[in-house]
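Here's the structure we're looking at; comments come further down.
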Amino acid sequence: MSAKPVHALGTRIWKSRFIYLLILPTIIYFAIFTYAPFYGITIAFKDYKIIAGIMDSPWVGFKHFEAMFTSEKFPTLLKNTIIISLYRLLFGFPIPILFALMLNEVRHMLFKRFIQTVTYFPHFLSWVVFAGIIYNFIGPSGIINLVLVNTGLDKFNFTTNPDVFRTLVVITAILKEFGWGAIIYLAALSGIDSQLYEAAKIDGAGKLRQIWHVTLPGIRPIIALLFCLQLAGILDAGFDQIFMFLNPALYDVGDIIDTYVYRLGILQSQFELATAVGLFKGVIGMILIITANTIIRRMGEKSLW
Amino acid sequence: MDQQKTKKKQLMKAGLLSLVVIMLLSLFTGCTSNNNTSSSTEGSTNGEAAGDNETGDTSGDSSEPLKFSYSRPTWGPATYTKGGAYEKELFKQGNVDIDVRIIPVVDYDATIKTTAAGGNMPDVIWGWGPVDAFWKDLQDQGAFLKINEYLDQYPAIKDAVPAGIWDKMADDKGDIYFIPNLIYPVVPFFINYRADIFEELGIAEPTSIAELQSALEKIKASGKDIVPMTMGNTVPFWAGKDLATAFGSGSGWAPSKDDPNKIVPPEMQEEHLNYKFWLQDMKKKGLFDEEAGVNPDASFGETKFKAGRAAVILGGNLQSLYPELKKSVPTADIKTLSPLTGLNGEKGGTRVVFPQDRGFYVNVKFKDKADQFFKFLNWSLTDGTELRRYGIEGKMFTVNPEGKKVPIPDDERENDYKGAQIEPLKFIDPMSEKLDWEAQELNFIGAGIQDKFEYYKGMFEKYAANAYNDYKDPTVTSPTQAEIGPQIWEDYMAKVDGSILTDMNLTKDAYKAAYQKYLDAGGQKIIDEINELQKNKSEPNYVD
Numbered sequence: 171m172s173a174k175p176v177h178a179l180g181t182r183i184w185k186s187r188f189i190y191l192l193i194l195p196t197i198i199y200f201a202i203f204t205y206a207p208f209y210g211i212t213i214a215f216k217d218y219k220i221i222a223g224i225m226d227s228p229w230v231g232f233k234h235f236e237a238m239f240t241s242e243k244f245p246t247l248l249k250n251t252i253i254i255s256l257y258r259l260l261f262g263f264p265i266p267i268l269f270a271l272m273l274n275e276v277r278h279m280l281f282k283r284f285i286q287t288v289t290y291f292p293h294f295l296s297w298v299v300f301a302g303i304i305y306n307f308i309g310p311s312g313i314i315n316l317v318l319v320n321t322g323l324d325k326f327n328f329t330t331n332p333d334v335f336r337t338l339v340v341i342t343a344i345l346k347e348f349g350w351g352a353i354i355y356l357a358a359l360s361g362i363d364s365q366l367y368e369a370a371k372i373d374g375a376g377k378l379r380q381i382w383h384v385t386l387p388g389i390r391p392i393i394a395l396l397f398c399l400q401l402a403g404i405l406d407a408g409f410d411q412i413f414m415f416l417n418p419a420l421y422d423v424g425d426i427i428d429t430y431v432y433r434l435g436i437l438q439s440q441f442e443l444a445t446a447v448g449l450f451k452g453v454i455g456m457i458l459i460i461t462a463n464t465i466i467r468r469m470g471e472k473s474l475w
Numbered sequence: 018m019d020q021q022k023t024k025k026k027q028l029m030k031a032g033l034l035s036l037v038v039i040m041l042l043s044l045f046t047g048c049t050s051n052n053n054t055s056s057s058t059e060g061s062t063n064g065e066a067a068g069d070n071e072t073g074d075t076s077g078d079s080s081e082p083l084k085f086s087y088s089r090p091t092w093g094p095a096t097y098t099k100g101g102a103y104e105k106e107l108f109k110q111g112n113v114d115i116d117v118r119i120i121p122v123v124d125y126d127a128t129i130k131t132t133a134a135g136g137n138m139p140d141v142i143w144g145w146g147p148v149d150a151f152w153k154d155l156q157d158q159g160a161f162l163k164i165n166e167y168l169d170q171y172p173a174i175k176d177a178v179p180a181g182i183w184d185k186m187a188d189d190k191g192d193i194y195f196i197p198n199l200i201y202p203v204v205p206f207f208i209n210y211r212a213d214i215f216e217e218l219g220i221a222e223p224t225s226i227a228e229l230q231s232a233l234e235k236i237k238a239s240g241k242d243i244v245p246m247t248m249g250n251t252v253p254f255w256a257g258k259d260l261a262t263a264f265g266s267g268s269g270w271a272p273s274k275d276d277p278n279k280i281v282p283p284e285m286q287e288e289h290l291n292y293k294f295w296l297q298d299m300k301k302k303g304l305f306d307e308e309a310g311v312n313p314d315a316s317f318g319e320t321k322f323k324a325g326r327a328a329v330i331l332g333g334n335l336q337s338l339y340p341e342l343k344k345s346v347p348t349a350d351i352k353t354l355s356p357l358t359g360l361n362g363e364k365g366g367t368r369v370v371f372p373q374d375r376g377f378y379v380n381v382k383f384k385d386k387a388d389q390f391f392k393f394l395n396w397s398l399t400d401g402t403e404l405r406r407y408g409i410e411g412k413m414f415t416v417n418p419e420g421k422k423v424p425i426p427d428d429e430r431e432n433d434y435k436g437a438q439i440e441p442l443k444f445i446d447p448m449s450e451k452l453d454w455e456a457q458e459l460n461f462i463g464a465g466i467q468d469k470f471e472y473y474k475g476m477f478e479k480y481a482a483n484a485y486n487d488y489k490d491p492t493v494t495s496p497t498q499a500e501i502g503p504q505i506w507e508d509y510m511a512k513v514d515g516s517i518l519t520d521m522n523l524t525k526d527a528y529k530a531a532y533q534k535y536l537d538a539g540g541q542k543i544i545d546e547i548n549e550l551q552k553n554k555s556e557p558n559y560v561d
């Protein structure tokens, strides 16, 4: 009895064998580069000896987790990471949606393409380059301070001022990524049935009403999906960016888990600690994504699974 | 019709199958090829004795060139491209084929440690050697080749390094694994100034910290719109290491005031804190570059000075500063302050350094060809000396009427012979070449500033006359430091120590309070262990 479904499955697979063969490289890719490295997670529980290898390195239990959680800085790091991530979510998440909505209303194609190109471009710059450009604006001898001084005002400290660091991080992240982030919403917008707009127009809906009652509900599943994915990365506050702008004077407000782990785990070769923190972040991320996905599903939106 | 349909179906299947095969092949190729072109015989690590190899090439002979991979940092521009003319000449004369991987020095430690941790080490690899816990640990784990017998076999290599340094490189069994990159221990970071600006403003050459501060105030008040004092291409406090001597600080461990038989780190020395907070005060007053500790590009100070936008620079190489400054300000003149006198009469000088700045290991997996490698190194210090030291005549140096080799300045060389192409192919230079005044003079001649040479030499001697040393033996490491040192430093000290120049509200008392927490968390244990392990606490002498 039980052999039948297996047989049926085998037949189905055989029938679509070429399609399965096509997907095989992707499965192999993920198996090799995503799942196989999971083996390395054991480093978090070992005294890693490079020459002996992961397998033969001695086990040390939760020693590295203990070091992380008992670290004097851990509460600050966690707080900074979550605050910066929430700021990004709060201010950074709606911007691409608003931008996509506005761009969607532009009818002059040449202008639309030009704006798209200009806003996409920063995404292709690395944070090293982008932060260098920003520094030329906000540095002590940067353009903004030059303007301030030439207009008789005092210089403003943007670069080592804890009061503006998080604002700076959020603004520069939005500047760099909002154009790119809008792509997926533009794609979703193009999928909305134009008849819905015509129907709304007939019912007397103006532009704003159309956006509210047609456009936004049309892209709501995508918004929910992306929100769910971003929530999972709440402990990833953007290492590249923070690293480029961070200065010891800003550690109280800007030092995040990743920058701390970089300094301690990579520069000081404490790979075990870096792995332990990575595992901790992964577990939190998994909990968050499952929670968010469940909530979204219960709300009747399209969920990840 | 049906036949056509079947044919079409078969064609589609064949197409899909070919696509899958191509994708699988690409995946396989992608997974199997890597950039480790190491020629070493991988595998066993408990191999035969040195010299037991089949080819035994000698550099310059007609046997197969020795192929090996080589990772090293570069201090100059990281613009090296393989296959340059100098490289070809070196490969030909040295009978080698080196696969070089360069990493800018600022990124080197992080990159190479991660590479090593992945178990993907090149045949010859630069690192800090036994003075660094990470490399010492790898050495103890058996990652590198023991080189004692090669040193006995190839005397030029052994003689290139002073015996005292070899002793420091040896472990407790007397085994040596590491070839140090030597530096002359006296490396003054001169306090250079724009003599033309000082003259124009009627400022006499400062001889003390107080006079320097007064001069900087005058420059600021002059309305010349230039930075009164900036810094050379390194971290701010190290750029001013010789200025620190005028505060009585050697920027290193020194005997404790309470117990001369005990040494303490700089953070516990009042003189060192006085220096650091004086520099903070200068910045607060607008007398020290506002970008110090802020600009991520460490060369900002030199760029300003070369462009004529700064009056004083801590550190910086005269041979590079002067010709560049002359291009932007033809009337400019640079002079060097004599070692300054401190606020309490302290006599300034120079902070002497341990005569090693990194070096390289030979991968134990390369042991089968290690003899050939040491032959090559030996050749570079004997028959290959001219090529190693001076390069190629007409391209990298000229011969003057007295028969001396005068280096051609870098910016006048063809691309293939510029420093960026040469540095990646460097291995070891003997200590005897580290302070060669004749060679220095020829460098000045090459840079077109021959008239500055005697002045420079005089200043060097003035700074060197009062040497400040780090009393800590760099090869002594504390077990607690290896265990928790980096973490407690990060937790309690990284912020305060890194923000003296960026947090103008940070006070010396707050700094001391943070340090006390560090001591309580295990820092004191580290200091005690160092004192316990380092039996000889007398002032080191790396110069004689």
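First to last, the protein sequences are chains A and B.
Residues in the first sequence are numbered consecutively from 171, following the working numbering.
Residues in the second sequence are numbered consecutively from 18, following the working numbering.
Backbone N, C-alpha and C define an ideal beta-carbon position, used for all residues, glycine too.
Values in this document were obtained by computation on a predicted structure and should not be read as measured data.
task = Name, in chain order, the residues that DSSP records as bridge partners for B/K352.
result = B/K352 pairs with B/Y210.
key: Element boundaries [alpha helix (DSSP H), containing A/Y190]   = R187 to F200 is the extent of the alpha helix (DSSP H) around A/Y190.
query = Among B/V113, B/A315, B/P340 and B/A221, which one has its Cα closest to the Cα of B/N460?
reply = With distances taken between Cα atoms, B/N460 lies closest to B/P340.
request  = Take the Cβ of B/L296 as the centre, count every other Cβ of all protein chains shown within 10 Å, and call the residue buried at 16 or more, exposed below.
outcome  = Residue environment: B/L296 is assigned as buried (16 or more neighbouring CB atoms within 10 Å of its CB, all protein chains considered).
ask   = Of all the residues that make up the segment 146-163 of chain B, which are near chain D by a beta-carbon distance shorter than 7 Å?
value = Looking at the structure shown, chain D is missing, and the protein chains on hand are A and B.
ask   = Residues bridged to B/M248 by DSSP?
value = Answer by DSSP bridge pairing, in chain order: B/L331.
task = Taking 8 Å as the cut-off, decide whether the C-beta atoms of B/N548 and B/K258 are in contact.
result = Not closer than 8 Å, so no.
ask   = Are the C-beta of B/Y1 and some C-beta of chain A separated by less than 8 Å?
value = Past the edges of chain B, shown from 18 to 561, lies residue 1 of chain B, and the structure says nothing about it.
request  = Count the C-beta pairs between the segment 439-452 of chain B and the segment 89-107 of chain B that are closer than 8 Å, then say yes if the count reaches three, no if not.
outcome  = The segment 439-452 of chain B and the segment 89-107 of chain B touch, with no fewer than 3 CB-CB distances between them shorter than 8 Å.
query = My guess is that A/F263 and A/Q400 are in contact by the Cβ rule of under 8 Å, so how many angstroms apart are they, rounded?
reply = 6 Å between Cβ atoms; contact.
task = Starting from the Cα of B/F207, find the closest Cα among B/P282, B/M476, B/A538 and B/I517 and give me that residue.
result = When only C-alpha atoms are compared, the closest one is B/M476.
ask   = So, B/L233 versus B/M299, is the Cβ gap smaller than 8 Å?
value = Closer than 8 Å, so yes.
key: Cβ neighbour criterion (16 or more within 10 Å) applied to A/K243   = A/K243 comes out buried.
A/F244, enclosing alpha helix (DSSP H) - first and last residue = A/F244 -> alpha helix (DSSP H) spans F244 to Y257.
message = Can you pull the chain B neighbours of A/Y205, defined as C-beta to C-beta under 8 Å?
response = Within chain B, not a single residue places a beta-carbon under 8 Å from that of A/Y205; the smallest gap is close to 14 Å.
query = DSSP on B/D388, reduced to helix/strand/coil?
reply = B/D388 falls in the helix class under three-state DSSP.
inquiry  = I'd like to know if A/I253 contacts chain B, where contact means its C-beta is closer than 8 Å to some C-beta of that chain.
reply    = With 8 Å as the cut-off, A/I253 does not count as an interface residue toward chain B.
query = For the segment 236-251 of chain B, which residues have a CB atom closer than 7 Å to at least one CB atom of chain A, in sequence order?
reply = In summary, no residue of the segment 236-251 of chain B has a CB separated from any CB of chain A by less than 7 Å.
request  = Just the C-alpha distance for B/D213 and A/I426, rounded to the nearest angstrom, thanks.
outcome  = If you take the alpha carbons of B/D213 and A/I426, they lie about 48 Å apart.
query = In its own chain, which residues sit with a C-beta less than 7 Å from the C-beta of B/A324, not counting the 5 before and 5 after it?
reply = Taking B/A324 as the centre and dropping the five residues before and after it, the same chain places the C-beta of S345 closer than 7 Å to its C-beta, in chain order.
ask   = To the nearest whole angstrom, what separates the beta carbons of A/L474 and A/N463, a pair I think is in contact under 8 Å?
value = Indeed they touch by this definition, with Cβ atoms about 5 Å apart.
inquiry  = Do B/F322 and B/G333 count as a contact pair if the criterion is CB distance below 8 Å?
reply    = Contact annotation: B/G333 and B/F322 have beta-carbon atoms nearer than 8 Å.
request  = With DSSP collapsed to three states, give me the class of A/Y205.
outcome  = Of the three classes helix, strand and coil, the one that applies to A/Y205 here is helix, per DSSP.
message = At the 8 Å Cβ level, is B/N137 part of the contact set with chain A, yes or no?
response = Not closer than 8 Å to any Cβ of chain A, the Cβ of B/N137 fails to qualify, so no.
ask   = Taking C-alpha atoms, which residue in B/A31, B/V329 and B/D276 lies nearest to B/F215?
value = The shortest C-alpha separation from B/F215 is found at B/V329.
message = So, with DSSP's three-state summary, where would you put A/V453?
response = Helix at A/V453.
task = Identify which residue in B/L28, B/L342, B/Y171 and B/E500 has its Cα closest to the Cα of A/D217.
result = Selected option, being the one with the closest Cα: B/E500.
request  = Using alpha carbons as the reference points, say which of B/D487, B/G515 and B/G366 lies closest to B/Y480.
outcome  = Closest option to B/Y480, Cα to Cα, is B/G366.
inquiry  = Against A/P310, what residues of chain B qualify as contacts under a CB-to-CB distance less than 7 Å, listed in chain order?
reply    = Neighbours of A/P310 on chain B, chain order: E307, E308 and V311.
request  = Check each candidate in B/R430, B/G420 and B/I439 and name the one with the smallest Cα separation from B/E455.
outcome  = Closest by alpha carbon: B/G420.
query = Is B/G68 helix, strand or coil when you go by DSSP?
reply = Residue confidence for B/G68 is low, a pLDDT of 40 falling below 50, so the modelled location carries little weight and cannot support an answer.
task = Determine the chain A residues that contact B/A127 at a beta-carbon separation under 7 Å, and present them in chain order.
result = Within 7 Å of the CB of B/A127, the CB atoms of chain A belong to I436 and L437, in sequence order along the chain.
request  = Along the alpha helix (DSSP H) that carries A/P387, what are the first and last residues, could you check?
outcome  = Unbroken alpha helix (DSSP H) run through A/P387: L386 to A402.
message = Rounding to the nearest angstrom, what Cα-Cα distance links B/K364 and B/P356 in this structure?
response = For B/K364 and B/P356, the distance between alpha carbons rounds to 7 Å.
key: Beta-carbon gap between A/R433 and B/E104 smaller than 8 Å   = Contact: no.
inquiry  = Here's the rule I'm using: 16 or more other beta-carbon atoms within 10 Å means buried, otherwise exposed. How should A/N250 be labelled?
reply    = By the 10 Å Cβ count, A/N250 comes out buried.
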